[in-house]
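Trainee: Please see the structure below; I have some questions.
Chains as they are written, first to last, in my numbering: chain L, 143 to 606; chain S, 143 to 606.
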């Protein structure tokens, strides 16, 4: 199974001609540019380059490209910065890439309504830098925030470190303009924070991974930055199960951290090695917790007590710079995994009380498949990122078998295949396991309502 | 236009026989019970009674009823407590009422996962009474919370007084089990707080007003009650426009009240009359604001300063009982409106900065149509409830004309027809004005995917 399922063997020779007639220099068939669109952060590579890239600069460009795609029945892969972790924006033979990275303007910022209207191609980090000048904040903070686009964040329903307290993308979008497969523009949602007129298509589009329509602008729900500076608790436990139980105890207490990250011994060891720090105690796992807002100090103290009572060694800091230093270890995890070899970064989520049980399952899978699976977790919302490390261009079958076991375990615990990365190419074969056959079919029919010819990101999410 | 559009003139004589064969004593054709289902809190009355009520006690009952409805092509109106304000649960000739009020069990409460699984018929207030024993809270708090069901809250996407800080139903549901029109059960969402597997049908069902499927259980996202007791600010302004500007200034400040309610002079006068209080100053309008949580005192003081600087006379209280007494005036508004005569309670929402402009529009409509339109507003989220008062069983045409003007004004300001009540019967003729014809048609096609025979609440929301 690969991206070639999505493409076609025979390409209408007129496609590039027609695109160029409509869109002139916004169309490129530059070989190196085409090559780049074969991959994303998933490590997956499509079997070959797409036919062309349309670098849209306006809604009209998106509409023109989709009209040509509809007329010629050509598949379209919408792509932002290409930082996705599930292969949803990977393009292959026979496909047009519709790039939104040049549509990167901020169209409106309203401090009085706590909203911003932006084009999809703006980077999350760039947007937040501009918003910060007005003491405003779009809370979604995927780890990729400095290199990923807002449109991509919305298309994947992205999460991040701050979700437990501040929600995901799903909680931070009021509306959006989309272009349908046939080129018609449609305005979803509204600028008011409440509204229940008709079906909530804004929510339906969030996380739809390019399969329903192309997002050409979004009305974002903003917040004020919480007052004061964060307090940080670093807690070290003898085992990962105890660290997971500690995180669960914090959830039960009702104290709401802004950040609660867990690192197991293998990921902690890899980061220490990468950063040249002394090796951590064998088997030890760590929680890095931050509280913020008016009650940050009291909340950090309460969390510290809870974790010490459970046997953790803790460090408590009210210094923002020291907190950022402590978080650096967690933020270096992705780089440390990559340094270990080729990786399949997984993304299951479970109910928060099941975090210890999920770590038991990961331990079992490590033993049964003879693998080491370094794992970090957004422990505040039960979202785990186990990394499967291997060598070579393709994920080995035994790694997929172990990953399949991981998914099944998460589902058995009431969780999900993917907490924040999406289905894309990588998890489509497990999609029906989670949804059930009936729902899988119903979702496909909803896709057909939006995209009757099946030209939007075919083979992704619902692909066979 | 009335509910009769939804029913049919000829009823399959076998429907009641078949229902009774499958469901025995759960089927009633008691005349008084049938009569009650012709109305809800909207003041609208269907042209005649439905054919039968199925009082489902289990998922299997719901499935059996829907299988009969499908086999006989009989329309089904799902109904909870009948407290809706838009006519979505009103039943008429030729229709089956599927009542969920007997499905009122709490199936699971998990303090460690901050979730509860409940059947749809439990009352919001009853659920929260049970949850409070474990220091848990389902935050959605429509004014009807003591008499409305959780299933109805979800089906309408209900709001309430606390939305600005704690969100609406949309922010408080992790998943649900639904039965499709043909009787198949489908499990949507999950028990983990994060998850992006496939399209977000849980969100799509929220606010779908019985048109897509029947909700038979819901997995609710809970919170801990905020610590401490609330602080209350009562602020009186010379005019409603100044009160609206005061509310907008609080939003801009970034201080987040839990409750921020606005009452204009007419609604304030009506409540004072109802409660036997001295008449308020002519033309004066009021904001009632509560802050809660760890910073409640500091936040109330900050809000008090902001509003005094804008010319308000304020009262500040840190006493919970006194706060509840001050809120009683606002909580009596609905009763006071009803005491004035027959009412059409409206529900537009606008971006928060447009609240003063929306009150200008209401003033213009009052003058142009020769009406008094007492208005209260959830000012923290820009949601206004203007009341049109009249005499008689039917809303007069001139009131509908004024209401239509109100809707158009809200849309022009970037808002919506309905912030929290839904479309139902009452607003279907304006639905396409907000959605646009293309989106209206696309939403209807999505309904057809769920309900190809069109038997679920026909004539509501998308009805002509």
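We put the beta carbon where it would ideally sit given N, CA and C, even for glycine.
Predicted model only: the values in this text are computed from it and were never measured.
Starting from the Cα of residue 591 of chain S, find the closest Cα among L:262, L:583, L:355, L:508 and give me that residue.
Mentor: Of L:262, L:583, L:355, L:508, the residue nearest in Cα terms is L:583.
Trainee: Would you mind reading off the limits of the alpha helix (DSSP H) that contains residue 281 of chain L?
Mentor: From DSSP, residue 281 of chain L is part of no alpha helix (DSSP H); its letter is neither H nor E.
Trainee: Name the chain S residues that come within less than 9 Å of residue 293 of chain L, Cβ to Cβ?
Mentor: Per Cβ cutoff of 9 Å: no residues; residue 293 of chain L is ~15 Å from chain S at best.
Trainee: Looking at the secondary structure, which residues open and close the beta strand (DSSP E) in which residue 401 of chain L lies?
Mentor: It spans 401-405 - the beta strand (DSSP E) in which residue 401 of chain L sits, taken as one unbroken run.
Trainee: Using a Cβ-Cβ cut-off of less than 9 Å, list which residues of the region 550-581 of chain S approach chain L; keep chain order.
Mentor: Result list: 552, 553, 555, 556, 557, 558, 559, 560, 561, 562, 563, 564, 565, 569, 572, 573, 576, 577, 578, 580, 581.
Trainee: Counting pairs of Cβ atoms below 8 Å between the region 573-580 of chain L and the region 339-350 of chain S, do you hit three or more?
Mentor: In short, these stretches touch, since the Cβ pair count reaches three.
Trainee: Quick check: residue 211 of chain S and residue 241 of chain S, are their CB atoms within less than 8 Å of each other?
Mentor: Contact: no.
Trainee: Taking buried to mean at least 16 other C-beta atoms within 10 Å of its own C-beta, is residue 145 of chain S buried or exposed?
Mentor: Residue confidence for residue 145 of chain S is low, a pLDDT of 38 falling below 50, so the modelled location carries little weight; the figure read from the coordinates is stated next. Looking at its Cβ environment, which holds 16 or more other Cβ atoms inside 10 Å, residue 145 of chain S is buried.
Trainee: Comparing the C-beta of residue 593 of chain L with each C-beta of chain S, is any distance below 8 Å?
Mentor: So no, residue 593 of chain L is outside the interface.
Trainee: Of all Cβ atoms in chain S, is any one closer than 8 Å to the Cβ of residue 598 of chain L?
Mentor: Not closer than 8 Å to any Cβ of chain S, the Cβ of residue 598 of chain L fails to qualify, so no.
Trainee: Assuming residue 358 of chain L contacts residue 282 of chain L (C-beta within less than 8 Å), just tell me the rounded distance between them.
Mentor: Between residue 282 of chain L and residue 358 of chain L the Cβ distance is about 19 Å, and since that is not below 8 Å, they are no contact.
Trainee: Could you check whether the Cβ of residue 148 of chain L sits closer than 8 Å to any Cβ belonging to chain S?
Mentor: At residue 148 of chain L, the pLDDT of 41 sits below 50, so the modelled position is not reliable; the number obtained from the coordinates is stated separately. Not an interface residue.
Trainee: Which term fits residue 399 of chain S, buried or exposed, when burial requires 16 or more other beta carbons within 10 angstroms of its beta carbon?
Mentor: Per the 10 Å Cβ criterion, buried.
Trainee: Please list, in chain order, all residues of the same chain as residue 409 of chain S whose beta carbon is under 8 Å from its beta carbon, the five residues on each side excluded.
Mentor: Cβ within range, chain order: 475, 478, 479, 516, 517, 518, 529.
Trainee: For the ligand GDP, is there a heavy atom less than 7 Å away from the beta-carbon of residue 406 of chain S?
Mentor: Judged by which ligands are present, the structure shown has none, so any question about the ligand GDP falls away.
Trainee: Any idea what DSSP makes of residue 295 of chain S, helix, strand or coil?
Mentor: Correct three-state label for residue 295 of chain S: helix.
Trainee: Should the region 226-234 of chain S be called in touch with the region 563-572 of chain S, which here means at least 3 C-beta pairs below 8 Å?
Mentor: Contact between the region 226-234 of chain S and the region 563-572 of chain S is present, because at least three Cβ pairs lie under 8 Å.
Trainee: Please list, in chain order, the chain L residues whose beta carbon lies closer than 8 Å to that of residue 266 of chain S.
Mentor: The contacting residues do not exist; residue 266 of chain S stays about 17 Å from chain L at best.
Trainee: Output the residue ranges of the beta strand (DSSP E) runs that lie fully inside the region 455-542 of chain S and measure 3 residues or longer, sorted by chain position.
Mentor: Whole beta strand (DSSP E) segments, 3+ residues: 455-459, 484-487, 517-520, 525-532.
Trainee: Say whether the region 369-381 of chain S touches the region 449-465 of chain S, bearing in mind that this needs 3 or more beta-carbon pairs closer than 8 Å, one atom from each stretch.
Mentor: As far as the Cβ criterion goes, the region 369-381 of chain S touches the region 449-465 of chain S, which means the pair count is three or higher.
Trainee: Does the beta-carbon of residue 331 of chain S have 16 or more other beta-carbons within 10 angstroms, so that it is buried, or is it exposed?
Mentor: Buried, since its Cβ has 16 or more Cβ neighbours within 10 Å.
Trainee: State the beta-bridge partners of residue 318 of chain L as determined by DSSP.
Mentor: L:330, L:360.
Trainee: With 7 Å as the limit, tell me which residues of the region 476-497 of chain L have their beta carbon closer than that to any beta carbon of chain S; keep them in chain order.
Mentor: Under the 7 Å Cβ criterion, the region 476-497 of chain L contributes 491, 492, 493, 494, 495.
Trainee: Determine the extent of the alpha helix (DSSP H) in which residue 204 of chain L is found, giving its start and end residues.
Mentor: Per DSSP, residue 204 of chain L belongs to the alpha helix (DSSP H) from 201-214.
Trainee: Output, in chain order, the set of chain L residues within a Cβ distance shorter than 7 Å of residue 298 of chain S.
Mentor: Neighbours of residue 298 of chain S on chain L, chain order: 338.
Trainee: Leaving out five residues on either side along the sequence, give the residues of the same chain with a beta carbon under 6 Å from the beta carbon of residue 149 of chain S.
Mentor: Caution is warranted here: a pLDDT of 43 is assigned to residue 149 of chain S, below 50, making its placement in the model unreliable, and no coordinate value can be reported.
Trainee: Pick from L:320, L:549, L:271: whose alpha carbon is nearest that of residue 204 of chain L?
Mentor: Nearest of L:320, L:549, L:271 to residue 204 of chain L, Cα basis: L:320.
Trainee: Could you tell me whether the Cβ of residue 144 of chain S comes closer than 8 Å to any Cβ of chain L?
Mentor: Per-residue confidence for residue 144 of chain S stands at a pLDDT of 37, beneath the threshold of 50, marking its modelled position as unreliable; the derived number appears in the next sentence. By this cut-off, residue 144 of chain S is not an interface position.
Trainee: Mind pulling the alpha helix (DSSP H) runs of 4 or more residues that sit fully within the region 411-462 of chain S?
Mentor: Whole alpha helix (DSSP H) segments, 4+ residues: 438-451.
Trainee: I'd like the list of long-range same chain contacts for residue 568 of chain S, defined as Cβ closer than 7 Å, with 5 residues on each side in sequence excluded.
Mentor: Closer than 7 Å at the Cβ level, and outside the excluded window around residue 568 of chain S, lie 184, 186, 228, 229.
Trainee: Are the region 388-397 of chain L and the region 251-267 of chain S touching by the rule of at least three beta carbon pairs closer than 8 Å?
Mentor: The region 388-397 of chain L, when compared against the region 251-267 of chain S, does touch it at the 8 Å Cβ threshold.
Trainee: Would you give the residue range spanned by the alpha helix (DSSP H) that residue 345 of chain S belongs to?
Mentor: Taken as a continuous stretch (DSSP letters only), the alpha helix (DSSP H) holding residue 345 of chain S covers 343-347.
Trainee: First and last residue of the alpha helix (DSSP H) that includes residue 591 of chain L?
Mentor: Counting along the chain, the alpha helix (DSSP H) containing residue 591 of chain L begins and ends at 579-592.
Trainee: Determine, for residue 323 of chain L, whether the minimum Cβ-Cβ distance to residues of chain S falls below 8 Å.
Mentor: Chain S, which has no Cβ nearer than 8 Å to the Cβ of residue 323 of chain L, makes this no.
Trainee: Please tell me whether residue 345 of chain L has its Cβ less than 8 Å away from any Cβ of chain S.
Mentor: Answer yes: the Cβ-Cβ gap between residue 345 of chain L and chain S drops below 8 Å somewhere.
Trainee: Restricting to Cα atoms, I'd like to know which of S:540, S:546, S:510, S:552 is closest to residue 526 of chain S.
Mentor: When only C-alpha atoms are compared, the closest one is S:552.
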